[in-house]
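> Each residue of the sequence shown is one higher than the one before, counting from 0 in numbering that gives the first Met the number 0.
Here's a structure for you.
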Amino acid sequence: MDELAKKVQEKYIEDLTSKYPLHRFLILFMVIFFMLTYQNGNVDIYNILNQTSLKEVFDFQGGVLSGLSMLQLMQALIISLILNSSHKKINFSIFNRLILIGNSNGYIAKIHEKYKSLKRNDAYDFFLIKEIDNKITDKKACLRVKVINSEIIFSLLFCILWSFHISAVNIVSMFSLLLLWFYVQWDIYKFYTSDFFPLYVAKQYLLDEPIVATEGFHD
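Right under this line is the structure:
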C-alpha cells in the first residue's frame with residue numbers, strides 16, 4: 000500500500016511540474032512572501048532583507064508564510080499567472096522588434112544562396128537533419144533557461160514596484176533589475192540569432208519547408 004501511495008505521489012508531482020514548471024513555484028513563493036511582508040507594514044527592501052531571517056522564510060509553522068490564508072493563496076496564484084502572461088507578451092513583443100531591426104530576411108536569403116551551391120543527397124540530408132535536430136534541442140534548452148531567468152527578474156521587479164514605496168534602496172533595486180532585465184532580453188536575441196537560428200534555417204532548408212524568423216522562439 001505504501002509503495003502504491005509513493006508511486007501515485009511521484010506521478011502527481013511529475014504531472015504537476017510538467018504543467019506548472021518549477022520556476023513558477025519560485026515566482027509564486029516570491030509573490031506570497033512580498034504580499035505578506037507588505038501587509039505587515041514593512042515596505043522597504045533594505046529593511047525586509049535585513050530583518051527577515053532564512054528561518055522565518057522557510058519556517059511554515061511560525062515564519063512569514065505561516066499566516067497565509069486560502070484567499071491570499073488564491074490572490075497570489077492569480078497574480079503569478081498574470082505575471083506569466085504579461086511577461087510572455089512583453090518578451091515576444093521585444094523579441095519581434097529586435098528581429099525586424101536585425102534584417103533576418105536578408106540573412107535567410109544569404110543562407111539560401113549558400114546551400115544552393117551544395118550538392119544534395121537525400122540519404123545524407125536525412126542524417127544531417129537528425130544531427131541538426133539534436134543540436135536544436137540543446138540550444139532550445141539553453142534558450143529556455145534564459146527566458147526563465149527573464150521571467151524571474153520581471154516578477155521580482157514587479158514585487159518591488161508593488162510596495163509603492165520610494166526610498167534610495169528601492170529605487171536602486173528597481174533600476175538595477177530593469178537594466179538586468181533589458182540585458183537578458185538582448186542576450187536572448189543574440190543567442191537566438193547566433194546559436195539557434197542558423198541551425199533552424201539549415202533544417203528548414205533541408206526539409207524544403209518555409210522559414211519564419213520568429214518560429215523557433217515561439218515554439
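Just so it is clear, CB atoms sit at the ideal spot from N, CA and C, and this is done for glycine as well.
As the structure is a prediction and not an experimental result, all values here were calculated from the model.
Taking only the alpha-carbon atoms, compute the straight-line gap between Leu72 and Val63 and give it to the nearest angstrom.
Translated into positions along the sequence shown, residue 72 becomes position 73. Translated into positions along the sequence shown, residue 63 becomes position 64. Cα-Cα distance, rounded: 13 Å.
> Look up Leu206 in the DSSP assignment and say whether it is helix, strand or coil.
By one-based count along the sequence shown, residue 206 stands at place 207. DSSP places Leu206 in coil when its eight states are reduced to three.
> Look at the alpha carbon of Trp161 and the alpha carbon of Ile89, and state the distance between them as a whole number of angstroms.
By one-based count along the sequence shown, residue 161 stands at place 162. By one-based count along the sequence shown, residue 89 stands at place 90. Cα to Cα, Trp161 sits roughly 19 Å from Ile89.
> DSSP three-state call for Tyr11: helix, strand or coil?
As a working note, residue 11 is residue 12 in the sequence shown. Residue confidence for Tyr11 is low, a pLDDT of 49 falling below 50, so the modelled location carries little weight; the figure read from the coordinates is stated next. The answer is helix: DSSP assigns Tyr11 an H, G or I state.
> From Ile81 to Gly101, what distance separates their C-alpha atoms?
For the purposes of this step, residue 81 is taken as residue 82 along the sequence shown, with counting starting at 1. For the purposes of this step, residue 101 is taken as residue 102 along the sequence shown, with counting starting at 1. Ile81 and Gly101: Cα-Cα distance of roughly 30 Å.
> Please check the pair Ala212 and Ser103, which I expect to be a contact at CB under 8 Å, by giving their CB distance rounded to whole angstroms.
Against the sequence shown, residue 212 aligns to sequence position 213. Against the sequence shown, residue 103 aligns to sequence position 104. Confirmed, Cβ separation roughly 4 Å.
> Here's the rule I'm using: 16 or more other beta-carbon atoms within 10 Å means buried, otherwise exposed. How should Tyr182 be labelled?
In the sequence shown, counting from the first residue as 1, residue 182 sits at position 183. It is exposed - the Cβ of Tyr182 has fewer than 16 other Cβ atoms within 10 Å.
> Mapping the DSSP letters down to three states, classify Asn102 as helix, strand or coil.
Position 103 of the sequence shown, counted from the first residue, corresponds to residue 102. Coil, per DSSP.
> Find out if the Cβ-Cβ distance for the pair Leu206, Ile110 is shorter than 8 Å.
Here residue 206 refers to the residue found at position 207 of the sequence shown. Here residue 110 refers to the residue found at position 111 of the sequence shown. Not a contact, by the Cβ cut-off of 8 Å.
> Where does Gly66 sit, in a helix, a strand or coil, going by DSSP?
Translated into positions along the sequence shown, residue 66 becomes position 67. Residue state, collapsed to three classes: helix.
> Counting pairs of Cβ atoms below 8 Å between the region 18-34 and the region 151-158, do you hit three or more?
Output reads yes: the region 151-158 touches the region 18-34.
> Measuring only the C-alpha atoms, how far is Gln74 from Asn83?
Sequence index remark: in the sequence shown, residue 74 carries index 75 (1-based). Sequence index remark: in the sequence shown, residue 83 carries index 84 (1-based). For Gln74 and Asn83, the distance between alpha carbons rounds to 14 Å.
> Please determine, among Met34, Lys189, Ile93 and Lys54, the residue with the shortest C-alpha to C-alpha distance to Leu70.
As a working mapping, residue 70 is identified with position 71 in the sequence shown. Taking only the C-alpha atoms, the option nearest Leu70 is Met34.
> Identify whether His164 lies in helix, strand or coil by the three-state DSSP scheme.
Working through the sequence shown from its first residue, we reach residue 164 at position 165. Three-state DSSP puts His164 in coil, outside helix and strand.
> Kindly indicate which three-state DSSP category Pro20 falls into: helix, strand or coil?
As a first step, residue 20 is located in the sequence shown; it is residue number 21 there, counting from the start. DSSP places Pro20 in coil when its eight states are reduced to three.
> Taking DSSP as the reference, what is the three-state secondary structure of Gln60?
As a position in the sequence shown, residue 60 is number 61, starting the count at 1. Looking at Gln60 - three-state DSSP - the assignment turns out to be coil, as it is neither helix nor strand.
> From Gln203 to Pro20, what distance separates their C-alpha atoms?
Sequence index remark: in the sequence shown, residue 203 carries index 204 (1-based). Sequence index remark: in the sequence shown, residue 20 carries index 21 (1-based). Rounded to the nearest angstrom, the two C-alpha atoms are 29 Å apart.
> List the endpoints of the continuous alpha helix (DSSP H) containing Tyr45.
Working through the sequence shown from its first residue, we reach residue 45 at position 46. That run of the alpha helix (DSSP H) goes Ile44 to Gln50.
> Using a threshold of 8 Å, state whether the C-beta atoms of Asn145 and Asp186 are closer than that.
As a first step, residue 145 is located in the sequence shown; it is residue number 146 there, counting from the start. As a first step, residue 186 is located in the sequence shown; it is residue number 187 there, counting from the start. The sequence given here has Lys at residue 145, not Asn. In this structure, Asp186 lies closer than 8 Å to Lys145 by Cβ.
> In this structure, how does DSSP classify Thr136 when only helix, strand and coil are distinguished?
For this step, residue 136 is matched to residue 137 along the sequence shown. Of the three classes helix, strand and coil, the one that applies to Thr136 here is helix, per DSSP.
> Around the C-beta of Thr136, are 16 or more other C-beta atoms found within 10 angstroms, so that it is buried, or is it exposed?
Working through the sequence shown from its first residue, we reach residue 136 at position 137. So Thr136 ends up on the exposed side.
> Report the CB separation of Leu142 from Phe190 in whole angstroms; it is logged as a contact under 8 Å.
As a first step, residue 142 is located in the sequence shown; it is residue number 143 there, counting from the start. As a first step, residue 190 is located in the sequence shown; it is residue number 191 there, counting from the start. Sure, about 6 Å apart at Cβ, within 8 Å.
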